[in-house]
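Remarks on the structure that follows.
Residue numbers (my numbering), protein chains in the order written: chain A, 496 to 945; chain B, 28 to 193.
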């Protein structure tokens, strides 16, 4: 703080840090001094650095997908609040309580839609965020000391998994047909694990049949365990972004030749990017000192963040007003819907478990195990270890499609395309009995009951 | 023992004891989630008098069971798909087929398909296409001594040559 004061660029020094005669001064700083002070004094702004590189604010570098994900997480938390009061986690009453929320509660349908579509958008946003970080090699360390971006990548992969688990446990709660058969299929996938499978299924279900213990388990996972885990991961994720010196793009900007320095370079204990671990900040002699390359976080970063967050709110609000959330028939253990489709983000897995049963002579491995456990496990294993397998140079960090990472980016994109193709097939080309129909083909009439 | 050593020793003893306590209590809390009792539906169920069953197939949705009748000969096949546990649906064949299953003749009147992942089974429950890794289970049938109803035993799978003649 003392140092900040010494570096003060204006003469308007407040009586004490954070004390300003002007209300909302931290949102509308009038000087560099004030804008730096805002970050230090304002609780909400404290997670931002004082200054950021212009490059890392670019719309078309990050597409602000992390911010979008965080905004959706906020909306999901907020919209989950009223739903907690209205939803009854009982197999007899869950469906009716959702119906009440949908048809009897004032604005209930809208709140539920915000929650439901927010979840869909969040799965998409978190995945796109991961794809952006992969394609720009942003999990690679640049020039800062003490950078451990690979940790943040692993945290991010776990956050995607928790997001998917939150979605899964969430769409079980209405206890409709979708829920019941998703639990059936999901827990039977767990049960296909050799040796321990049946015990795992029993632990998930809270018994051997899908009943009240099952619903309460998934409910507690959905409202306490998984949000808690996601919150902790989120906080650590944000902290690491600061420790790692912001976006990988900032490192890249810093690598550009510095303007000719004259005389000794000032050392700062508050560095621009917060990468000072050890005694000598490594970024002081770079472009980051250049007035042209950086801007104050307040208001330049906060303004864009606000645009992104409010834009996310606007899109989701419009979706929630215009579209109704689906609710299938009440859970019926006697009838499996035909076809029984998972939500879109699990359809590729549904396709894979359909196609991966392997027969070798008289020996058979269930596709549930290969497609439901082994392949997803391999994908997660590969994703979490990829930063250590990626041998591309540091210069490849923070740039879209660098030459040195071309092969891995192409493979990543091909795998993504494959998953998207499977999702599209599952969505548009699967009819009764999971037979293949073109979207323009009609489905045959099949009696729903025997 | 110097004072420093003693402090270090006590610190280690204390922290180890603390870790053990937290670990044990955490384990105990998690153990409480493993059910000791499962309130399952009974597996031995009376399903009705043999005379109430139509010739051919009758589906019992609560038991997820197909009961077949050919004159006075009965057998029962599970409707639970062996892939991921959805309920398969029966489809009548246009023409019944005769087949020898496990050395015994069987008239196949239906075939089965699963709505979840498209597994297909022949009328004797054998898996013919799709991801199903095994044939549908056959269950034991008997006649109740007291009232003559058919009794299905869902805990006892039987070979495909099982027939109950009443």
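C-beta: ideal position from N, C-alpha, C; glycine also. Since the structure is predicted, the reported quantities are computational estimates derived from the model, not experimental observations.
Among the residues of chain B, those whose CB is under 9 Å from the CB of residue 930/A are 140 and 145, following chain order. Runs of the beta strand (DSSP E) lying entirely within the region 131-157 of chain B and spanning at least 3 residues, in chain order: 131-140 and 154-156.
According to the DSSP secondary-structure assignment, residue 105/B is paired through a beta bridge with 92/B. Contacts with chain B at 8 Å (Cβ-Cβ) do not include residue 823/A. Residue 716/A and residue 129/B have their C-alpha atoms some 47 Å from each other.
Interface residue (Cβ-Cβ distance to chain A less than 8 Å): residue 94/B is not classified as such. By the rule that beta-carbons nearer than 8 Å mark a contact, residue 60/B touches chain A.
In the three-state scheme derived from DSSP, where H, G and I count as helix and E and B as strand, residue 640/A is classed as coil.
Cβ contact annotation for residue 626/A (same chain, cutoff 7 Å, sequence separation greater than five): 911, in chain order. The contact set of residue 833/A on chain B, defined by CB atoms closer than 8 Å, consists of 116 and 142 in chain order. For residue 918/A, the enclosing alpha helix (DSSP H) stretches over residues 901-923.
Every alpha helix (DSSP H) stretch that sits fully inside the region 517-548 of chain A and reaches 4 residues is listed by chain position as 527-536. Here residue 59/B is not bridged, per DSSP, to any residue. Taking a cut-off of 8 Å on C-beta distances, the region 622-638 of chain A touches the region 727-746 of chain A, as three or more cross pairs fall below it. At a cut-off of 8 Å between beta carbons, residue 927/A contacts chain B. With a beta-carbon spacing of about 17 Å, residue 801/A and residue 551/A fall beyond the 8 Å limit used to define contacts. Taking 9 Å as the cut-off between beta carbons, the residues of the region 47-79 of chain B near chain A are 60, 61, 62, 64, 65, 66, 67 and 68, in sequence order. Under the Cβ distance rule, residue 703/A counts among the residues neighbouring chain B, one pair being separated by less than 8 Å. In the three-state DSSP reduction, residue 853/A falls in the strand class (E or B). Neighbourhood of residue 676/A in chain B, by CB distance below 8 Å: 113 and 143, in chain order. Going by C-alpha positions, residue 644/A is about 22 Å away from residue 908/A. The region 547-585 of chain A is shown to contain whole alpha helix (DSSP H) runs of 4 or more residues at 554-557 and 560-581, in chain order. Put simply, the backbone Cα of residue 540/A is about 25 Å away from that of residue 810/A. Three or more Cβ pairs drawn from the region 822-835 of chain A and the region 135-143 of chain B lie within less than 8 Å of each other, which places the two stretches in contact.
Going by DSSP, residue 701/A is part of no beta strand (DSSP E) at all; its letter is neither H nor E. At a cut-off of 8 Å between beta-carbon atoms, residue 160/B makes contact with chain A.
In the DSSP annotation of this structure, residue 634/A is not part of any alpha helix (DSSP H), being labelled neither H nor E. As a beta-bridge residue in DSSP terms, residue 126/B pairs with 133/B. Approximately 6 Å separates the beta-carbon atoms of residue 896/A and residue 904/A; this is inside 8 Å, confirming the contact. Among the bridge pairs identified by DSSP, residue 713/A is matched with none. Residue 843/A sits buried, since 16 or more C-beta atoms from the chains shown fall within 10 Å of its C-beta.
Straight across, the Cα-Cα distance linking residue 585/A with residue 603/A is about 19 Å. Apart from sequence neighbours up to five positions away, the residues of its chain that approach residue 90/B with a beta-carbon distance below 8 Å are 72, 74, 179 and 181, ordered along the chain. Within chain B, 61, 62 and 65 have C-beta atoms less than 9 Å from the C-beta of residue 697/A, given in sequence order.
Rounded to the nearest angstrom, the gap between the Cα atoms of residue 656/A and residue 599/A is 34 Å. Considering only beta carbons, the part of the region 80-92 of chain B lying closer than 7 Å to chain A consists of 86, 88 and 89, in chain order.
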